[in-house]
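Numbering (the numbering used here), first residue to last: 24 to 457.
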């Protein structure tokens, strides 16, 4: 068939097919444009979302509420006869990751348990160790934020020996060395109770300081909700702009709810405790109002980590008083630095004679280590774990105190003997002269 005849027969069919194809192509382009517009809107919303929150916030979707038990029993945990925290049903140790992929919730749960542990240790100090609270400031008025320390019955009246315990920084409160050890290991390693019990057995009065209780925390009043985005100036009529804003705001809210449903944490504000707003201030205040007024002839201090820094700061402020009243100081992985704290040569020399620092080290317990600074001798605590240095040095510290006291009493006895001998010789000479 001739080409012209073929076109006459199939031309209309081809023309109709091309028109249909063209229509489909136009429809596809239109749909792509619409889809592209929706994608652009979602992309814009996503960018806006990410500009307002960090990536951690995106992990908070479906997060359980921060509502936790108020007692160990409600937590289904308790301390066994060995002082170990165990589940009352399974007997297993504490499990941090109670819910997978919810680190923030697990951390909040751990902190809630930590607050219960703090109260539990307070009860042990009062019931097991027979200690009482002394409120700070001593002249606090009604409604004023306060803190407290713990005193043994003879802390102020014991004429011979007084032991002062100072922990490091952080969440630990009176009677604790390390919350992690209390929860994951046992009460002996994580609390000061073994030190208190041993000290009382050996005739010490005891003061337990509380250097991290520095302020009263109260919940802030709720604030009114802020709009999602500020209103931009525009030349559009107000009514049209409001409809547009409502439409865009609805889209954004729906998008936010789809990807983000975080819990808001309670906002708090802090009111400092007068003259106790830092660890250094607290140690100085307790010295001025309690330690310096105690009857004990020999004061012994044990300080862990940041507590060592606070003690050195006390020496900077009350150097002669400390030298006259303190017999020996045991430090464990102390955070002090005589250069940064600008200590005097006299303080450095005194620390070299009266202090010892048990530090984290792979060496066996009590192994002499090279001094890093010209202050107190350094020996191994027999562990590389910072939080364990106090417990691992327990026996060595009391032996150190006993040796220092024996040496001091020996020197005093020798001085008395020399004085008596001198007087006897003098009287004998006088008698011979007569």
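Ideal placement from N, C-alpha and C gives every residue a C-beta, glycine not left out.
A quick note: this is a predicted structure, and the numbers were derived from the prediction, not measured.
Bounding residues of the beta strand (DSSP E) (the contiguous stretch that carries residue i)
i           : result
residue 362 : Looking at the DSSP string, residue 362 is not in any beta strand (DSSP E), and its letter there is neither H nor E.
residue 240 : 238 to 242
residue 207 : It is not in any beta strand (DSSP E) - residue 207 instead sits in the alpha helix (DSSP H) that spans 202 to 207.
residue 171 : 170 to 174
residue 110 : 108 to 110
residue 102 : 100 to 102
residue 165 : Where residue 165 is concerned, there is no enclosing beta strand (DSSP E), given that its DSSP letter is neither H nor E.
Chain-order list of residues whose beta-carbon lies under 6 angstroms from that of residue i (same chain, five-residue window excluded)
i           : result
residue 425 : none
residue 186 : 222, 227, 229, 323
residue 389 : 402, 419
residue 312 : 161
residue 290 : 243
residue 351 : 323, 377, 424, 427
residue 332 : 358, 359
Test item: CB-CB of residue i and residue j under 8 angstroms
i           : j           : result
residue 200 : residue 413 : yes
residue 95  : residue 143 : yes
residue 382 : residue 403 : yes
residue 125 : residue 97  : no
residue 417 : residue 217 : yes
residue 308 : residue 292 : no
residue 373 : residue 341 : no
residue 316 : residue 182 : no
residue 173 : residue 148 : yes
residue 318 : residue 179 : yes
Beta bridge counterpart(s) of residue i as assigned by DSSP
i           : result
residue 425 : None, per the DSSP bridge assignment.
residue 228 : 185
residue 158 : 171
residue 380 : 354, 401
Residue i to residue j span [Cα, whole Å]
i           : j           : result
residue 234 : residue 305 : 6 angstroms
residue 110 : residue 193 : 26 angstroms
residue 168 : residue 358 : 28 angstroms
residue 361 : residue 379 : 14 angstroms
residue 397 : residue 129 : 44 angstroms
residue 240 : residue 300 : 13 angstroms
residue 295 : residue 114 : 41 angstroms
residue 437 : residue 176 : 33 angstroms
residue 344 : residue 166 : 33 angstroms
residue 214 : residue 205 : 7 angstroms
residue 349 : residue 100 : 42 angstroms
residue 355 : residue 386 : 15 angstroms
residue 138 : residue 408 : 23 angstroms
residue 364 : residue 328 : 15 angstroms
N-terminal and C-terminal residue of the alpha helix (DSSP H) that residue i is part of
i           : result
residue 220 : 216 to 224
residue 349 : Taken as a continuous stretch (DSSP letters only), residue 349 belongs to no alpha helix (DSSP H), being part of the beta strand (DSSP E) at 349 to 355.
residue 130 : 126 to 150
residue 339 : 329 to 340
residue 211 : 210 to 213
residue 410 : Per DSSP, residue 410 belongs to no alpha helix (DSSP H) and is neither H nor E.
Close beta carbons around residue i, own chain, < 8 angstroms, minus the five adjacent residues each side
i           : result
residue 106 : 209, 210, 211
residue 171 : 156, 157, 158, 159, 197, 233, 236
residue 207 : 108, 116, 117
Beta carbon proximity, residue i to chain B, threshold 8 angstroms
i           : result
residue 195 : Checking the listed chains, one finds no chain B in this structure; it contains a single protein chain.
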